[in-house]
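Undergrad: Keeping their order, the protein sequence lines are chains Y and H. Mapping to my numbering: the first sequence position 58 is 62, numbers consecutive. Mapping to my numbering: the second sequence position 9 is 13, numbers consecutive. Virtual Cβ for every residue (Gly too), placed ideally from N, Cα, C. Since the model is a prediction, treat every value here as computed from it, not as a measurement.
Number of protein chains: 2
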Amino acid sequence: MKQSISANKDQPLGDQIAEALGHELLSGTYRPGDALPTEMELVESFGVSRASVRSGLQALASRGIIERFVGQGTIAQDFRDWNILDPMVTGLLADHASPHPDLVRSIFEFRYSAEPLVAALAARNARARDLVAMEDAIDDMARCSSRDVAADDSFTEHDVSFHVAIYRGTHNAIWRHLAHILRPAITLVVRRSNETTEELRETLARHRALMEAIRMRDPAAAYDAALAVMRLTAGELDIAPGTTGAPEIPDPMGALFRAGGTGAAR
Amino acid sequence: MKQSISANKDQPLGDQIAEALGHELLSGTYRPGDALPTEMELVESFGVSRASVRSGLQALASRGIIERFVGQGTIAQDFRDWNILDPMVTGLLADHASPHPDLVRSIFEFRYSAEPLVAALAARNARARDLVAMEDAIDDMARCSSRDVAADDSFTEHDVSFHVAIYRGTHNAIWRHLAHILRPAITLVVRRSNETTEELRETLARHRALMEAIRMRDPAAAYDAALAVMRLTAGELDIAPGTTGAPEIPDPMGALFRAGGTGAAR
DNA sequence: GTGCCTCGTATTGTCAGACAACCCGCCTGT
DNA sequence: ACAGGCGGGTTGTCTGACAATACGAGGCAC
Numbered sequence: 005m006k007q008s009i010s011a012n013k014d015q016p017l018g019d020q021i022a023e024a025l026g027h028e029l030l031s032g033t034y035r036p037g038d039a040l041p042t043e044m045e046l047v048e049s050f051g052v053s054r055a056s057v058r059s060g061l062q063a064l065a066s067r068g069i070i071e072r073f074v075g076q077g078t079i080a081q082d083f084r085d086w087n088i089l090d091p092m093v094t095g096l097l098a099d100h101a102s103p104h105p106d107l108v109r110s111i112f113e114f115r116y117s118a119e120p121l122v123a124a125l126a127a128r129n130a131r132a133r134d135l136v137a138m139e140d141a142i143d144d145m146a147r148c149s150s151r152d153v154a155a156d157d158s159f160t161e162h163d164v165s166f167h168v169a170i171y172r173g174t175h176n177a178i179w180r181h182l183a184h185i186l187r188p189a190i191t192l193v194v195r196r197s198n199e200t201t202e203e204l205r206e207t208l209a210r211h212r213a214l215m216e217a218i219r220m221r222d223p224a225a226a227y228d229a230a231l232a233v234m235r236l237t238a239g240e241l242d243i244a245p246g247t248t249g250a251p252e253i254p255d256p257m258g259a260l261f262r263a264g265g266t267g268a269a270r
Numbered sequence: 005m006k007q008s009i010s011a012n013k014d015q016p017l018g019d020q021i022a023e024a025l026g027h028e029l030l031s032g033t034y035r036p037g038d039a040l041p042t043e044m045e046l047v048e049s050f051g052v053s054r055a056s057v058r059s060g061l062q063a064l065a066s067r068g069i070i071e072r073f074v075g076q077g078t079i080a081q082d083f084r085d086w087n088i089l090d091p092m093v094t095g096l097l098a099d100h101a102s103p104h105p106d107l108v109r110s111i112f113e114f115r116y117s118a119e120p121l122v123a124a125l126a127a128r129n130a131r132a133r134d135l136v137a138m139e140d141a142i143d144d145m146a147r148c149s150s151r152d153v154a155a156d157d158s159f160t161e162h163d164v165s166f167h168v169a170i171y172r173g174t175h176n177a178i179w180r181h182l183a184h185i186l187r188p189a190i191t192l193v194v195r196r197s198n199e200t201t202e203e204l205r206e207t208l209a210r211h212r213a214l215m216e217a218i219r220m221r222d223p224a225a226a227y228d229a230a231l232a233v234m235r236l237t238a239g240e241l242d243i244a245p246g247t248t249g250a251p252e253i254p255d256p257m258g259a260l261f262r263a264g265g266t267g268a269a270r
């Protein structure tokens, strides 16, 4: 079974091996717990040297995708053990045609719970440059909204850039890295969401409101606005809040913000 | 300069090379942007084969710690580019004697902002098994509190286990992985905190209150209790909330929870 | 003197082959 | 029946070589 990786030469062979095997693992060719082919078998099937095969396997092992034992072989790890906070892993998942629905749900749940908080932090800490990034992203979204959304991903891309800009606006290393790492995963969710929506103006308006709250340094309003954006996305994704349990948590917080009396919550 | 890695044999050579070079990078032996020794020079200095050296370098490159160019060599990346959400990187940072204070601050800021939310999510989603893990961790903490804390890390270890159990209680893949990945980093913060505190009973009591709120499925109370724990830790770490800007964000939320009327907040 | 071209050197990427360390199942001897 | 040795199989490490690329020195034409 000659897969002949060597067609593409702009990437190290080991990375291409890792990517190919990663897709096979995602496709279910090898189930968790199964033994993968030995290094020599992979050498034959891919038509590369053992050094390159080992390079690819090491890349997968360092991310918890596989585990290797001297004298025993290589086994596929359970998906729970995958280091899903690694850029390569998230890229792999985003590229895959049919990502595990559980994972899409997990990612959206995380965003639903975290992004309001992130927006509140950004409202406190964002600097002028961060606002510029957000504004540019929104302007680009508006410019693309006239065209057919399903045709190209430019609208989705700028949508994602906007959300990433908010994470960066927290000026915290961990939140910033989270945005960078989850970027492919966020793209996945946002693309799906934008594919099913029929009205982009609403999306655009909510994003603008969120940016305005951050600009006004109003954490409570930013929390609320981000929650509204996420609710809209949830509707487009056809995810009923409460199905999973997690998404409804931030709701009382938003309600409390409206009721409470610290910040000027609208 | 024979560093003679081969003393420890219970770990692959490549990983030992990576760890040694990682510590050198953290120590400032090579500054970001500098060129690292060539593979052949490392072969001589470590006394291992080029294959092992390459294995170690690849492990570092895959985590954004170094970047390699054909025909040019290897350069040290800026710390901002490090994939700090990788277990090996966080382990490296935790092992290092004097981790960058900026990073410790970032990690604590992140926890300060996120853990109240995580606690609220756990209050919604935690199952009986998660409560068992929390209770066991607290019992172990209580058992260790009689001994000298500075002497051994058992108290700290169980403290960290408690926090990790809360993350797991969210039943969300991303939060769960975050806890796993940040475990060494959390240990770093908790150990420092526990070293400087003189009264462990207070720490224990607040942890118990947090667990009780989660047990009672009261997100608002859990949010509040977690905030109290984090404030205590901040005090022990001698971090004035507001110094960095980020930590003060959750405070108004806590205030709103106390003022608001959804859950039985304490 | 200056600018361009070429070639050599240095470095990482890839290949090939071999041995070492280790695990497992089989087989033999008691 | 059971214990121990033994051999095949797999990953880890070593060695040596060549390929691909980048940079700089040197020569050459103008």
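Where does G77/H fall in DSSP's three states?
TA: strand
Undergrad: Please return the same chain residues whose Cβ sits closer than 7 Å to the Cβ of L214/H, not counting the five positions on each side in sequence.
TA: A123, A226, A229, A230, V233
Undergrad: At what residue ranges does the region 38–115 of chain Y contain a whole run of the beta strand (DSSP E), taking only runs of 3 or more?
TA: 70–73, 77–80
Undergrad: Give a yes or no on whether the minimum CB-CB distance between L125/H and chain Y is below 7 Å.
TA: yes
Undergrad: Are there 16 or more other CB atoms within 10 angstroms of the CB of M44/H, so buried, or fewer, so exposed?
TA: exposed
Undergrad: Under a CB-based cut-off of 7 Å, is L17/H close to chain Y?
TA: no
Undergrad: Less than 8 Å between C-beta atoms, sequence neighbours within five positions excluded: which residues of the same chain meet that for W86/H?
TA: Apart from the 5 residues on each side of it in sequence, W86/H sits with its Cβ closer than 8 Å to the Cβ of R67, G68, I69, V93 in its chain, given in chain order.
Undergrad: For the region 61–82 of chain H, list every residue whose C-beta sits within 9 Å of some C-beta in chain Y, in sequence order.
TA: Q62, A63, S66, R67, G68
Undergrad: Any heavy atom of the ligand NAD within a distance shorter than 6 Å of the CB on E48/Y?
TA: You won't find the ligand NAD in this model; it holds no ligand whatsoever.
Undergrad: Could you name the residues of the same chain whose beta carbon sits closer than 6 Å to that of A39/H, not counting the 5 residues immediately before and after it, in chain order?
TA: G77, I79
Undergrad: Helix, strand or coil for Q20/H? Go by DSSP, reduced to three states.
TA: helix
Undergrad: Which class does L186/H belong to by DSSP, given the choice of helix, strand or coil?
TA: Taken through DSSP and simplified to helix, strand or coil, L186/H comes out as helix.
Undergrad: How would you list, in chain order, the residues of chain H whose beta-carbon sits under 7 Å from the beta-carbon of H100/Y?
TA: Chain H residues near H100/Y: none, gap ~16 Å exceeds 7 Å.
Undergrad: Using CA atoms only, rank isn't needed, just tell me which of I178/Y, T42/Y, V52/Y is closest to P16/Y.
TA: Of the candidates I178/Y, T42/Y, V52/Y, the one whose C-alpha sits nearest the C-alpha of P16/Y is V52/Y.
Undergrad: Check the Cβ of E113/H against every Cβ in chain Y and list those closer than 7 Å, keeping chain order.
TA: N176
Undergrad: DSSP three-state call for P36/H: helix, strand or coil?
TA: Reduced to three states, the DSSP call for P36/H is coil.
Undergrad: Taking only three categories from DSSP, how would you classify T160/H?
TA: helix
Undergrad: Could you give the distance in angstroms between the alpha-carbon of Y116/H and the alpha-carbon of T191/Y?
TA: 28 Å
Undergrad: How would you list, in chain order, the residues of chain H whose beta-carbon sits under 9 Å from the beta-carbon of P87/Y?
TA: Pro is not the amino acid found at residue 87/Y; the sequence shown has Asn there. The contacting residues are L89, D90, P91, H181, H184, I185.
Undergrad: State the DSSP-derived secondary structure class of A130/Y, mapped to helix, strand or coil.
TA: coil
Undergrad: Can you grab the Cα-Cα spacing for the pair V136/H / N176/H, in whole Å?
TA: Their Cα atoms are separated by approximately 18 Å.
Undergrad: Which residue marks the beginning of the alpha helix (DSSP H) containing M215/Y, and which one marks its end?
TA: 204–219
Undergrad: Using a threshold of 7 Å, state whether the C-beta atoms of Q62/Y and E71/Y are closer than that.
TA: no
Undergrad: Classify D222/H as helix, strand or coil using the three-state DSSP reduction.
TA: Look at D222/H here: in three-state DSSP terms it is coil, with no helix or strand label.
Undergrad: Beta-carbon within less than 6 Å of S59/H's beta-carbon, same chain only, minus the 5 sequence neighbours each way: which residues are those?
TA: G18
Undergrad: Taking L107/H as the query, report the chain Y residues whose CB atoms sit under 8 Å from its CB, ordered along the chain.
TA: A177
Undergrad: List, in order along the chain, the chain Y residues whose C-beta lies closer than 7 Å to that of S56/H?
TA: Those do not exist, as S56/H stays about 12 Å from chain Y at its closest Cβ, beyond 7 Å.
Undergrad: Which residue wins for smallest C-alpha separation from N129/H, given the options F112/H, L97/H, G173/H?
TA: G173/H
Undergrad: Apart from the five residues on each side of it in sequence, which residues of its chain come closer than 6 Å, Cβ to Cβ, to F112/Y?
TA: So the qualifying residues of the chain are V193.
Undergrad: Taking the C-alpha atoms as reference points, what is the distance between Y34/H and L186/H?
TA: Roughly 25 Å separates the two Cα atoms.
Undergrad: What residues of chain Y sit near S110/H, judged by a beta carbon separation below 7 Å?
TA: N176, A177, I178
Undergrad: For S197/Y, which residues in chain H fall below 7 Å Cβ to Cβ?
TA: Under the 7 Å cutoff, chain H gives no residues; its nearest Cβ is about 18 Å from S197/Y.
Undergrad: Using a Cβ-Cβ cut-off of 8 Å (strictly less than) and excluding sequence neighbours within five positions of R210/H, which residues of its own chain qualify?
TA: A229, A232, V233, L236
Undergrad: What residue from L89/H, D222/H, L204/H, I178/H has the CA that sits closest to A189/H's CA?
TA: By alpha-carbon distance to A189/H, the top candidate from L89/H, D222/H, L204/H, I178/H is L89/H.
Undergrad: Could you compute how far the alpha carbon of T42/H sits from the alpha carbon of R147/Y?
TA: 49 Å
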